[in-house]
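For the sequence shown, my numbering begins at 227 and goes up steadily by one. The beta carbon of each residue, even a glycine, is placed where N, CA and C say it ideally should be. These notes are about the structure you will find just below.
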Amino acid sequence: MFCEDDLAVFCERAVFSKILAVDTEFLRERSYYPKLCLIQLAVPQEVAVVDPLRIKDLGALKELLADERIVKIFHACSQDLEVIQDALDCVPKPVFDTQVGAAFLGMRQQVGYGCLVERFCGVHLPKAEALSDWSRRPLDEEQLSYAADDVRYLPNIYQQMTKQLVEEDRLGWVLPEMQVINNKVAVARDPQEAYLHLKRVNSLTRRQLAVAREACAWREKTAASRNIPRKWVVSDEVIIECCRHVPRDVDRLRRIRGTEQLSVADAGSLIAALNKGLSTSPSRYPHSKRREHLSAETEGVLDLMYAMVRVVSEQTGIAAQLLATREDLLDFLQG
Numbered sequence: 227m228f229c230e231d232d233l234a235v236f237c238e239r240a241v242f243s244k245i246l247a248v249d250t251e252f253l254r255e256r257s258y259y260p261k262l263c264l265i266q267l268a269v270p271q272e273v274a275v276v277d278p279l280r281i282k283d284l285g286a287l288k289e290l291l292a293d294e295r296i297v298k299i300f301h302a303c304s305q306d307l308e309v310i311q312d313a314l315d316c317v318p319k320p321v322f323d324t325q326v327g328a329a330f331l332g333m334r335q336q337v338g339y340g341c342l343v344e345r346f347c348g349v350h351l352p353k354a355e356a357l358s359d360w361s362r363r364p365l366d367e368e369q370l371s372y373a374a375d376d377v378r379y380l381p382n383i384y385q386q387m388t389k390q391l392v393e394e395d396r397l398g399w400v401l402p403e404m405q406v407i408n409n410k411v412a413v414a415r416d417p418q419e420a421y422l423h424l425k426r427v428n429s430l431t432r433r434q435l436a437v438a439r440e441a442c443a444w445r446e447k448t449a450a451s452r453n454i455p456r457k458w459v460v461s462d463e464v465i466i467e468c469c470r471h472v473p474r475d476v477d478r479l480r481r482i483r484g485t486e487q488l489s490v491a492d493a494g495s496l497i498a499a500l501n502k503g504l505s506t507s508p509s510r511y512p513h514s515k516r517r518e519h520l521s522a523e524t525e526g527v528l529d530l531m532y533a534m535v536r537v538v539s540e541q542t543g544i545a546a547q548l549l550a551t552r553e554d555l556l557d558f559l560q561g
């Protein structure tokens with residue numbers, strides 16, 4: 227475990243390596259904002275495990291993560307980037323996600339870190355500490371070793387992976403995808419975009435989506451202000467039912483199962499959000515992805531485009547979902 231002085235020295239040396247492997251351990255089961263418990267860093271030949279609960283000044287690390295001359299290597303980075311943004315008020319860039327890179331080399335989508343370590347480094351990693359409570363102190367040697375292993379092999383994997391991508395002339399395909407990952411982090415918590423992550427959102431009509439947009443924005447702001455999980459405010463299932471039936475008063479809202487825990491004030495605020503969504507001009511309705519709302523012509527073009535995606539997927543060995551999802555193609559058709 228690094229102290230503050232150790233971290234400063236490591237950051238000074240890391241600048242010259244041009245690559246930096248990063249991972250985090252955090253808890254978020256009982257909060258809106260994740261609690262950062264550990265930061266693991268690695269350059270070739272050196273690993274650092276940083277305790278953000280003990281080290282108060284992480285300025286040197288923030289500067290290192292923001293340095294665009296250094297590639298930050300992650301595996302499955304979306305949550306790590308969100309956690310770092312919350313804790314350090316910075317988004318590491320540029321990033322290279324080895325899970326994405328692996329998919330462009332024909333490996334299965336969302337391949338695990340352990341599989342990559344075994345394939346590229348010939349090492350089998352234990353999983354004994356995967357469910358550790360990383361907020362507890364002190365951490366034992368097994369936990370620290372497990373945490374260090376999460377970044378220890380990433381520089382080696384990155385070097386081999388990028389070499390292979392260059393040889394197969396695919397690095398130019400991967401790098402724009404990494405930029406997309408960075409861009410997504412910047413808008414991940416836009417309350418007006420929260421409805422896009424709602425379970426069964428594709429079952430809603432355009433008008434219902436406008437209602438969902440306002441209801442989810444209210445839930446997002448409420449959860450953030452209280453630092454509690456979204457589902458503790460109101461569940462996805464309740465929001466979907468509210469969007470379908472749009473209760474106009476508290477009595478009607480209470481008829482929906484799962485609303486009993488809402489306070490009178492929250493119930494009133496939710497109803498106000500639903501009504502705001504209901505009053506949205508049709509020109510501002512979000513696009514619906516419900517298939518029954520597509521014309522026969524659009525459906526036919528969509529099927530043809532997706533067939534072409536599958537052909538390219540077969541030819542390249544890259545998962546069709548990574549090339550373009552059906553939703554991506556529909557978004558393209560709908561402008």
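Taken atom to atom, the span from the alpha-carbon of ARG345 to that of ALA373 is near 20 Å. Taken through DSSP and simplified to helix, strand or coil, ILE482 comes out as coil. A distance below 8 Å between beta-carbons, with the five flanking residues on each side excluded, links LEU422 to no residue of its chain.
PHE322 sits in a strand when the DSSP states are folded into three classes. Annotation note: the segment 324-360 contains the following uninterrupted alpha helix (DSSP H) runs of length 4 or greater, listed N- to C-terminal: 324-329 and 339-347. For GLN385, the enclosing alpha helix (DSSP H) starts and ends at 380-393. Around the CB of LYS410, fewer than 16 other CB atoms lie within 10 Å, so the residue is classed as exposed.
In the three-state reduction of the DSSP assignment, ALA247 falls in the strand class. When C-beta atoms of the segment 246-265 are compared with those of the segment 449-467, three or more pairs fall below 8 Å, so the two segments count as touching. For SER509 and LEU435, the gap between their C-alpha atoms comes out near 13 Å. Under the DSSP assignment, GLU289 falls in the alpha helix (DSSP H) whose first and last residues are 285-292. Here ARG439 is buried, its C-beta having at least 16 other C-beta atoms within 10 Å. In the DSSP assignment, LEU555 falls within the alpha helix (DSSP H) that extends over 552-559. Approximately 7 Å separates the beta-carbon atoms of LEU290 and LEU246; this is inside 8 Å, confirming the contact. The C-alpha of ARG474 lies about 14 Å from the C-alpha of VAL490. Remark: fewer than three beta-carbon pairs, one from each stretch, lie closer than 8 Å, so the segment 272-289 and the segment 297-306 are not flagged as touching. Secondary structure at ALA274: strand, using DSSP grouped into helix, strand and coil. Measuring C-alpha to C-alpha distances from THR551 to each of ASP306, ALA533 and GLY561 identifies ALA533 as the nearest.
The criterion of a C-beta distance shorter than 9 Å is satisfied by CYS303 and GLN325. In the structure shown, GLN311 falls within a helical segment according to DSSP collapsed to helix, strand and coil. Of the residues SER521, THR524, ALA522 and ASP554, the one whose Cα lies closest to the Cα of VAL535 is ASP554.
Excluding sequence positions up to five before and after ILE482, its CB lies within less than 8 Å of the CB of VAL464, GLU467, CYS468, HIS471 and PRO473, all in the same chain and listed in chain order.
With contacts defined by Cβ atoms closer than 9 Å, GLU272 and PHE236 form a contacting pair.
Between the alpha carbons of VAL269 and ASN382 lies a gap of roughly 9 Å.
For VAL235, the enclosing alpha helix (DSSP H) stretches over residues 230-240. Residues of the same chain with a CB within less than 8 Å of the CB of GLU446, apart from the 5 flanking positions on each side, are ARG415, PRO417, ALA420 and ARG456 in chain order. When the five nearest sequence neighbours on each side are left out, the beta carbons in the same chain lying within less than 7 Å of the beta carbon of GLU230 are those of ILE281 and ASP283, in order along the chain.
GLY340 is positioned such that its CB atom lies closer than 9 Å to that of LYS353.
Rounded to whole angstroms, GLY526 and ARG254 show a C-alpha spacing of 43 Å. If you ignore the 5 residues before and after TYR379, its C-beta comes within less than 7 Å of the C-beta of VAL343, CYS347 and VAL349, all in its own chain and listed in chain order.
As far as DSSP is concerned, VAL538 takes part in no beta bridge. Judged by beta-carbon spacing, TRP360 lies beyond the 9 Å limit of LEU233, meaning their Cβ atoms are not closer than that value.
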